[in-house]
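full-length UniProt numbering puts the first residue of the sequence shown at 1, with every later residue one more than the last. Written out below as structure tokens is the structure these notes cover.
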Amino acid sequence: MQLNFKKTGSGSPLIILHGLFGSADNWFSIAKELEKDYTLYLVDQRNHGDSPHSDVWNYDAMVEDLLELVDSEGLRKFYLMGHSMGGKTAMKFAVEHPDRVEKLIVADIAPRYYPIHHQTILAGLNSIKLDQIKSRKDADDQLAQYISEIGIRQFLLKSLSRDSNGFVWKINLPVITEKIEEVGKSLNEGEKFEGPTLFLAGGNSNYIQQSDLEDIHEHFPAYEIEFVSNAGHWLHAEQPAAVIQEIRRFLK
């Protein structure tokens with residue numbers, strides 16, 4: 001699958017993968033700082049952003065998508081970073097193609113299995129009647145019945161677009177809803193990337209816990225971990241300066 005991506009900056013290539021319900025746009029503010037030192041590839045993963053939709057949605061497919069992208073761009077070796085679902089894709093790519101990844105950065109996700117925990121978000125998104133709403137405020141009002149936090153609603157509604165027929169989702173909501181268990185799947189036993197790896201964890205997030213460190217070491221023996229203070233799961237949005245600082249330190 002030919003993924004949509006935005007390329008900016010100059011220097012060594014750094015590929016960034018967004019998380020579930022997100023898009024390449026989530027990383028624009030980070031990119032504005034890092035493009036001074038790196039050629040950035042901000043990627044829309046399948047069923048997200050402006051990339052194609054498909055009934056096939058799992059990490060094997062997303063790894064193949066990324067491989068097709070880097071091959072088409074002639075990238076032999078590169079830095080790779082992913083957040084949440086994108087972090088799982090990045091980890092899976094690194095263990096399958098270790099010769100292609102110079103350094104790996106994983107933002108607020110561990111290689112373990114995560115139980116389904118997006119039911120409320122999915123119920124809220126599916127409750128929005130696209131053929132009935134007249135404005136984004138109408139969509140927000142419906143979503144607010146399920147999600148009280150305005151910041152989360154604003155993030156989710158970035159995937160609401162408009163065409164000549166009215167409002168449409170950029171995300172492939174039916175497939176994501178049907179196959180949501182795919183996003184929580186773990187790496188397979190024995191899969192290993194021995195290159196330098198940085199895990200960035202939100203200090204207020206529960207996605208990476210002390211109990212995960214043994215599992216992380218098993219898959220990524222050359223890992224280091226940094227906890228970003230005053231940040232939850234969306235650490236790059238909550239503490240961008242700290243995240244940029246850690247990325248620069250690790251890649252240099």
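For each residue, glycine too, the CB sits at the ideal point set by N, CA and C.
At a Cβ-Cβ threshold of 8 Å, Leu251 and Lys103 count as neighbours.
Checking the DSSP bridge columns, you'll see Met81 partnered with Ile16 and Ile105.
Look at the beta carbons and you see the stretch 99-113 not touching the stretch 35-53: under three pairs across the two are nearer than 8 Å.
Scanning the stretch 134-217 for uninterrupted beta strand (DSSP E) segments of 3 residues or longer gives 160-163, 166-169 and 197-202, listed from N- to C-terminal end. Where Gly9 is concerned, the enclosing beta strand (DSSP E) starts and stops at Phe5 to Gly9. In the three-state scheme derived from DSSP, where H, G and I count as helix and E and B as strand, Phe21 is classed as coil. When DSSP states are grouped into helix, strand and coil, Tyr114 belongs to the coil group. Taking C-alpha positions only, Thr197 is separated from Pro221 by approximately 8 Å.
Of all alpha-carbon atoms in Ser148, Asn230, Leu66 and Lys134, the one lying nearest the alpha-carbon of Met81 is that of Leu66. Looking only at Asn204, His217, Ile208 and Ile247, the smallest Cα-Cα distance to Ala231 is reached by Asn204. Taking a C-beta distance under 8 Å as the contact criterion, Met91 and Val70 do not qualify as a contact pair.
With a threshold of 16 other beta carbon atoms within 10 Å, Glu246 meets it and is buried. By alpha-carbon distance to Gly9, the top candidate from Met1, Tyr38 and Asp131 is Tyr38.
Contact holds between the stretch 52-66 and the stretch 179-186, because three or more Cβ pairs, one in each stretch, are under 8 Å apart. The beta-carbon distance between Lys7 and Tyr41, rounded to whole angstroms, is 6 Å. This is short enough to meet the 8 Å contact definition. Under the three-pair Cβ rule at 8 Å, the stretch 211-229 does not count as touching the stretch 162-172. Counting the other Cβ atoms within 10 Å of the Cβ of Ala144 gives fewer than 16, which makes it exposed. Approximately 7 Å separates the beta-carbon atoms of Trp27 and His236; this is inside 8 Å, confirming the contact.
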